[in-house]
Amino acid sequence: MPELSYREAVRDALVRAMRQDEDVFVMGEDIAEMGGSMGVTHGMLEEFGPTRVRNTPISEMALAGAAIGAALQGMRPVAEIMYEDFMTLASEQVVNQAAKHRYMSGGQLTVPVVFRTQGGAGWSPGAQHAQQLEAWFVHVPGLKVVFASTPEDVRGLLWSSIYDDNPVVFFEHRTLYGIKGEVPDEIEPIPIGKARVHRAGDDVTVIATGRLVHDALKAAAEAETEGVSVEVVDPRTLQPLDEQTLVDSVKKTNRAVVAHEAVTRMGFGAEVAAVLQYQAFDWLDAPIERVGARFAPLPFAPVMESYVVPHADDVLAAVYRTVNKRV
Amino acid sequence: MPELSYREAVRDALVRAMRQDEDVFVMGEDIAEMGGSMGVTHGMLEEFGPTRVRNTPISEMALAGAAIGAALQGMRPVAEIMYEDFMTLASEQVVNQAAKHRYMSGGQLTVPVVFRTQGGAGWSPGAQHAQQLEAWFVHVPGLKVVFASTPEDVRGLLWSSIYDDNPVVFFEHRTLYGIKGEVPDEIEPIPIGKARVHRAGDDVTVIATGRLVHDALKAAAEAETEGVSVEVVDPRTLQPLDEQTLVDSVKKTNRAVVAHEAVTRMGFGAEVAAVLQYQAFDWLDAPIERVGARFAPLPFAPVMESYVVPHADDVLAAVYRTVNKRV
Amino acid sequence: MAKVEATKTALAKGDLRDMLREMLLIRRFEEKVEERFRAGELPGFLHVAIGEEACAVGVCRALEDGDVIASTHRAHGHTLAKGTHPNELMAELYGKQEGCSHGYGGSMHLYDVERGNMGANAVIGGGLPQITGAALAFQMRGEPRVAVAFFGDGATNIGTFHEALNLAQLWKVPAVFVLEDNRWAESTPESQHSPIRDLSERAKAFGMKSMKADGQEVEAVYRTARKALENARSGQGPVFLHLDTCRFSGHYIGDPQVYRPKEEARHLRETRDPITHLREKLGLTDAEFEELDAEVTAIVEASVAFAKNATDPAPEDAMRNVYA
Amino acid sequence: MAKVEATKTALAKGDLRDMLREMLLIRRFEEKVEERFRAGELPGFLHVAIGEEACAVGVCRALEDGDVIASTHRAHGHTLAKGTHPNELMAELYGKQEGCSHGYGGSMHLYDVERGNMGANAVIGGGLPQITGAALAFQMRGEPRVAVAFFGDGATNIGTFHEALNLAQLWKVPAVFVLEDNRWAESTPESQHSPIRDLSERAKAFGMKSMKADGQEVEAVYRTARKALENARSGQGPVFLHLDTCRFSGHYIGDPQVYRPKEEARHLRETRDPITHLREKLGLTDAEFEELDAEVTAIVEASVAFAKNATDPAPEDAMRNVYA
Ligand SMILES: Cc1ncc(C[n+]2csc(CCOP(=O)(O)OP(=O)(O)O)c2C)c(N)n1
Ligand SMILES: Cc1ncc(C[n+]2csc(CCOP(=O)(O)OP(=O)(O)O)c2C)c(N)n1
Ligand SMILES: [Mg+2]
Ligand SMILES: [Mg+2]
């Protein structure tokens, strides 16, 4: 099995889809000669040319909207929105248009478009370049929402997103592009709506997304040395949500921690907690812990930035709180 | 005590603030001669003239941004975004700019701006004119979020919002403009961050916002005839959230239902459920029930629209589920 | 509806008579919609385009099969002109399954994909970038098709408009952007919403070719639209088509128009009615006109009967079509 | 920094010398920032404006006390030119409490409200509507102040730009919109992001007066900015000020510029350096220039020392300033 970085894995899915399928193309700001601000599309201009690797002006509304329009006419565009913060600009097109055309037309249309975007703190860009807004899109019927945390997942899920006939908002995490992992030789599509159990455990379930999956695994390893057995589950797709896998895990462990980098208040963890307390009420031995960013914009100074967003030790502390609650 | 409609109550707060304070002014689409698409600003052009009652072009980004800029220079603008659906267009300015200027400047700036908007189903406008997106803004540090359900509350809270030095996203509900209620002769500012207990009860707490407050009160009256005593609480301000009042009520009743018109998935009720299960874990005798819109865009046909959004009977059914869970 | 021979520049009397019939059908249809709404039979939020029929008919007549349009909140005329049967449109307004959006859309969300109607949009400017994108798809696949967006003067103030036209021109996609300039955005007169008096100036910012026509003269609209479409179709780039038109009625059905002198609308109806103009041009006798009128009125009446007898969706149908 | 007498059109030698000194200070400051970033001392995401110093200095010199600016992601020059002390700016880049944003902002979020800097914005076009709004506040209060927005050529493609300028012209607010046209948006050359070659055309869409100057000639920038500000201040409406400039370095510090022929930047440095131009115009001897250079270099060195010795915020400080 070849080893790919998360960045290369995203590219691999794009390249393979474009090789086999004329309808697939990519568009976004600085994705051509520069290969994207995160280097994801590096080299693709050379292989596919400027018609299928399209640099756009700084026009998030039009770039998102043009991708939707092309999708309505049978193409499978993958539009890159450079930073999640700029999804605010694209949100009218994504939320009022892409998510609703099929419904408003009574099923006449399909909208096979993917909006790739990325965010995440840890490099001190300040308050407008690292927000995590995935929760917004989970609230919008008609959209699918993916947030992958490993090279294998990001490749298999991007592939499935490209070939899904619905609009998919595809979140990548800025600090994960460099991580490496083995992937199958051939792309194995990963079904949208299937969670992944990264680590089995008996005492506490940690449900984590994006960067926090890796922090959760660190925390789990640490907890093990203290005799606490932690199960780590990554939903991978936030919409549709694989509630069954999450609930089954919690019914086994009787304790849950939900962890993501986004602000805790009204973050995705709130939805997971609401689902778990409802479906596993009689199984829960402790309150569901939420780990997420503190309630502040992202500050510039590294010491402050690192204080605002959660890390492995925050997950670990939450895990311990859930078990202490027992005794 | 005079009686005012919800619509008149909003207007009364605007008019009184503008009479006593030159810095307060209103801007928005069709708010002048037409008095706003909901008639809220009716007659204000005549009293205050076009300089302080400003019709804007259809430019949600610029209208929101200009209000922010004027606020940064010491004015207290109240910007009207005609429909919540169009908050998507204003979201970059509201989320990346208004919410963050004070923080990014290290406290040098204040942003005393109010964004008034409205939404709500029940009149078959279709999928792009009735969404409820309050949850999005609760997820954004730096913003305050208000959603009032009665004439008295909407007036007192709008007043407090105008004089708050932070950006406030102020939600009104389309179907409430006509309801009447008594208000004090003089405006009594209602503190932002204080919930209101509309009805005391012993068996179940219903935490409701917007239109659902009224449906919850109907359901409570109905439940009473069945011997179920329901407490109805309206948080009124979603950010900051008066967690204490909600938690105290649930610790008393041991059961909770959260109700709003917005889509249940990732809706405000998820945050409330997450807070309650955490802070009242040992007091809860039943899973927290969530009542909200089904997971679909808003359809046009009235029979379908009414099926998608919740009503009093949905609240009542949820209330009964919580008590049956006991036996 | 019958297509006019492509290369033709002048129009045969028969074609013009067809257009008159079509404009009259739209007029009577919308008058009926106003009546049924006031009678409390129609749910939702409706906007009629009475006075603007020549824009819809002139442009849609100029289209070829395979061309697509995106419409606005004021969509009945575009929808009928693009070929949706009055029965299907009326059924939609009544929220029925037989409706052109199967009861999911309503007046502001009329779709008829088979006939090239990509949908009416209730968000100002919302459909424009999608027309740029549809045209891009045509360009990438080398199809001789054009994508056409309708929008109003008020829409020229929204960023979506700016970005969509800029991108269309940058990529020279086969699109035509049709401005139906009725000088009102709801209650806001053009002088209050735009700093310039000739909105064709907007096109200059993108270096886009602009063409202008009197939106009350259907033949002029048709001829200019043909040129615009030809320019787009032949790869010479998109065109900004500026149609000077008038809104005879309120912004929405029920609009008291407190903001507008009663005089204005009456004067426009008397002097700028596209139907009267064409009728006179064709020299129709009262008898001939009444015959035409009776014919379209019967179609409209039939559409109401069809709609009323059509099928109501079941409440649970609301959960269908959320995802493919 | 010292203001130049308002009515003056020509500039005294002393004024020009001040401007040279200021441009050189900015140049040396940014070279130092590049060096310290490469040394791993500076966190975050930084963009230098090396080659564009005359735009910042020429415009800010032309401002009156009370005028305000909004800047972009490329903000160091604007910030220094608007009067922020190098120590406070460098301290911000080091994330210190003494920084002009007290460590909360960083390179893309430089503020100095007391000195009229409403803040740099990392969202393209994000600051423009706020400049329209600030100017509106000045207009409503009858204050003789002007609000000035800086932005680049790439920003002219975003809807926010269109809406903000349109609204400013519609309301004739005292604002000046300064386009720093370096013909690049990150890796995207103007030909790939804009369908027109003269971006002044953008102003036509709003009927906004536009003025143009060579952005490498500080005196020309200053003179033209004076005219633009005068127009805005006197109530004649906003102005689109188009400055033709060049980006000598990469888009961000560390940018390998794979997309750009090495030749181009070298050629620009040799032929279009605003500092060289003014130095020659003033006929400074090497000795005089080196003296000036030594003076500003010392200031820059001192700013680094100041920044390094400044106070780190405590982690918990992150929870302050979220709300007023
Ligand atoms: C983004 C957005 N803002 C506001 C509205 C409310 N609205 C509906 S129609 C309209 C006026 C549109 O004017 P114009 O574009 O000239 O079209 P017309 O109604 O004249 O046909 C407005 C403001 C909307 N639908 N979308
Ligand atoms: C809305 C938005 N989209 C994309 C970006 C990423 N970005 C930062 S700078 C830049 C290029 C800006 O070009 P220009 O406006 O010409 O300014 P310059 O960098 O040349 O000074 C881009 C695309 C952004 N910051 N904001
Ligand atoms: Mg109009
Ligand atoms: Mg540039």
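Protein chains in written order, with my numbering: chain D, 1 to 327; chain P, 328 to 654; chain F, 655 to 978; chain U, 979 to 1302. Cβ coordinates follow ideal geometry from the N, Cα and C atoms, glycine included. As the structure is a prediction and not an experimental result, all values here were calculated from the model.
Checklist entry - Just to check, is the beta-carbon of H1054 of chain U closer than 7 Å to a non-hydrogen atom of ligand 2? => result Answer for H1054 of chain U: no, Cβ out of range of ligand 2.
Checklist entry - Which partner residues does D672 of chain P have in the DSSP bridge list? => result This structure gives no information on residue 672 of chain P, because the portion of chain P shown stretches from 328 to 654.
Checklist entry - By Cβ distance, which residues of its chain are closer than 7 Å to A318 of chain D, with the 5 residues on each side in sequence left out? => result Correct list, in chain order: V257, E289, V291.
Checklist entry - In terms of residue numbering, what span does the beta strand (DSSP E) encompassing S864 of chain F cover? => result Bounds of the beta strand (DSSP E) holding S864 of chain F are 863 to 868.
Checklist entry - Is any heavy atom in ligand 3 found nearer than 7 Å to the beta carbon of N836 of chain F? => result Flag set: Cβ of N836 of chain F near ligand 3.
Checklist entry - In chain order, what residues of the region 102 to 120 of chain D put their CB closer than 7 Å to some CB of chain P? => result Hits within the stretch, in order: Y103, M104.
Next on the checklist: Between the alpha carbons of A312 of chain D and V635 of chain P, how many angstroms are there, rounded?
Outcome noted: The alpha-carbon of A312 of chain D is positioned some 41 Å away from that of V635 of chain P.
Item to check | Closer than 7 Å at the beta carbon, the chain D residues around V700 of chain P | outcome: No statement about residue 700 of chain P is possible, as the shown extent of chain P runs from 328 to 654 and does not include it.
Next on the checklist: Less than 8 Å between CB atoms is the rule here; does G698 of chain F satisfy it with respect to chain P?
Outcome noted: Closer than 8 Å: yes.
Checklist entry - Would F1226 of chain U pass as a contact of G1036 of chain U if the rule is Cβ separation under 8 Å? => result Going by beta carbons, F1226 of chain U and G1036 of chain U fall outside the 8 Å limit.
Next on the checklist: At the 8 Å Cβ level, is A17 of chain D part of the contact set with chain F, yes or no?
Outcome noted: No, no contact with chain F.
Next on the checklist: Assuming R155 of chain D and A9 of chain D are in contact, meaning their beta carbons sit under 8 Å apart, how far apart are those beta carbons, in whole angstroms?
Outcome noted: With a Cβ gap of about 4 Å, R155 of chain D and A9 of chain D count as contacting.
Checklist entry - In chain order, what residues of the same chain have a beta carbon less than 6 Å from the beta carbon of E407 of chain P, not counting five sequence neighbours either side? => result Excluding residues within five positions, the ones whose Cβ falls inside 6 Å are G355, I358, R443.
Item to check | Sequence-distant residues of the same chain with beta carbon closer than 7 Å to A1375 of chain U, five excluded per side | outcome: The shown model of chain U, from 979 to 1302, leaves out residue 1375 of chain U, and the question about it has no answer.
Checklist entry - Do the region 457 to 464 of chain P and the region 399 to 414 of chain P touch if we need at least three Cβ pairs shorter than 8 Å? => result These segments touch.
Checklist entry - Can you find a CB in chain U that lies within less than 8 Å of the CB of S91 of chain D? => result Not an interface residue.
Checklist entry - Alpha carbon to alpha carbon, what distance is there between E231 of chain D and H198 of chain D? => result The alpha-carbon atoms of H198 of chain D and E231 of chain D are separated by roughly 8 Å.
Checklist entry - Where do the ends of the alpha helix (DSSP H) carrying P302 of chain D lie? => result For P302 of chain D, the enclosing alpha helix (DSSP H) has its first and last residue at 302 to 308.
Checklist entry - By a C-beta neighbour count over all protein chains shown, 10 Å radius and 16 as the cutoff for buried, is G1044 of chain U buried or exposed? => result Classification for G1044 of chain U: exposed.
Checklist entry - Once you ignore the five residues that flank E817 of chain F on each side, which residues in its own chain have a CB closer than 7 Å to its CB? => result Closer than 7 Å at the Cβ level, and outside the excluded window around E817 of chain F, lie P783.
Checklist entry - For A839 of chain F, is the beta carbon positioned less than 7 Å from some heavy atom of ligand 3? => result Between ligand 3 and the CB of A839 of chain F, the shortest heavy atom gap is smaller than 7 Å.
Checklist entry - Is the Cβ of N1099 of chain U closer than 8 Å to any Cβ of chain F? => result False, the Cβ-Cβ gap to chain F never drops below 8 Å.
Checklist entry - In whole angstroms, what separates the C-alpha of Q445 of chain P from that of V367 of chain P? => result One C-alpha to the other measures close to 11 Å.
Checklist entry - Considering only residues of the region 6 to 55 of chain D, which uninterrupted alpha helix (DSSP H) runs meet the minimum length of 4 residues and lie entirely inside it, listed in chain order? => result With a minimum length of 4 residues, the continuous alpha helix (DSSP H) runs that stay inside the region 6 to 55 of chain D are 6 to 20, 44 to 48.
Next on the checklist: Run through chain U and tell me which residues come within less than 7 Å of P452 of chain P, C-beta to C-beta.
Outcome noted: For the C-beta of P452 of chain P, not a single chain U residue is nearer than 7 Å; the gap to the nearest is close to 24 Å.
Checklist entry - Is the region 510 to 523 of chain P touching the region 559 to 574 of chain P in the sense that three or more CB pairs, one from each, lie closer than 8 Å? => result Result yes; three or more Cβ-Cβ pairs closer than 8 Å.
Next on the checklist: Suppose you measure from the CA of G120 of chain D to the CA of F147 of chain D; what does that come to, to the nearest Å?
Outcome noted: Distance between the alpha carbons of G120 of chain D and F147 of chain D: 12 Å.
Checklist entry - What's the call for T1263 of chain U, buried or exposed, on a 16-neighbour Cβ count within 10 Å? => result By the neighbour-count rule (16 or more Cβ atoms within 10 Å), T1263 of chain U is not buried but exposed.
Next on the checklist: In the DSSP assignment, the alpha helix (DSSP H) including V481 of chain P goes from what residue to what residue?
Outcome noted: First-last of the alpha helix (DSSP H) with V481 of chain P: 478 to 489.
Checklist entry - Does the beta carbon of M1086 of chain U sit closer than 8 Å to a beta carbon anywhere in chain D? => result Interface with chain D (8 Å Cβ-Cβ cutoff): M1086 of chain U is included.
Item to check | Residues near R769 of chain F by beta carbon distance below 8 Å, same chain, minus five either side | outcome: Excluding residues within five positions, the ones whose Cβ falls inside 8 Å are K736, G737, T738.
Checklist entry - T965 of chain F CB to nearest chain D CB: under 8 Å? => result Chain D has no Cβ within less than 8 Å of the Cβ of T965 of chain F.
Next on the checklist: Spatial neighbours of R19 of chain D within its chain, please: C-beta separation below 7 Å, excluding the five flanking residues on both sides.
Outcome noted: Scanning its chain for C-beta atoms nearer than 7 Å, with the 5 sequence neighbours on each side dropped, one finds no residue around R19 of chain D.
Item to check | 8 Å CB neighbourhood of R933 of chain F in its chain, flanking five on each side removed | outcome: Result list for R933 of chain F: L674, F943, in chain order.
Next on the checklist: Helix, strand or coil, according to DSSP, for D672 of chain F in the structure here?
Outcome noted: Three-state result, D672 of chain F: helix.
Next on the checklist: So Q1147 of chain U contacts chain F; which residues on that side make the cut at Cβ distance below 7 Å?
Outcome noted: P849, listed in chain order.
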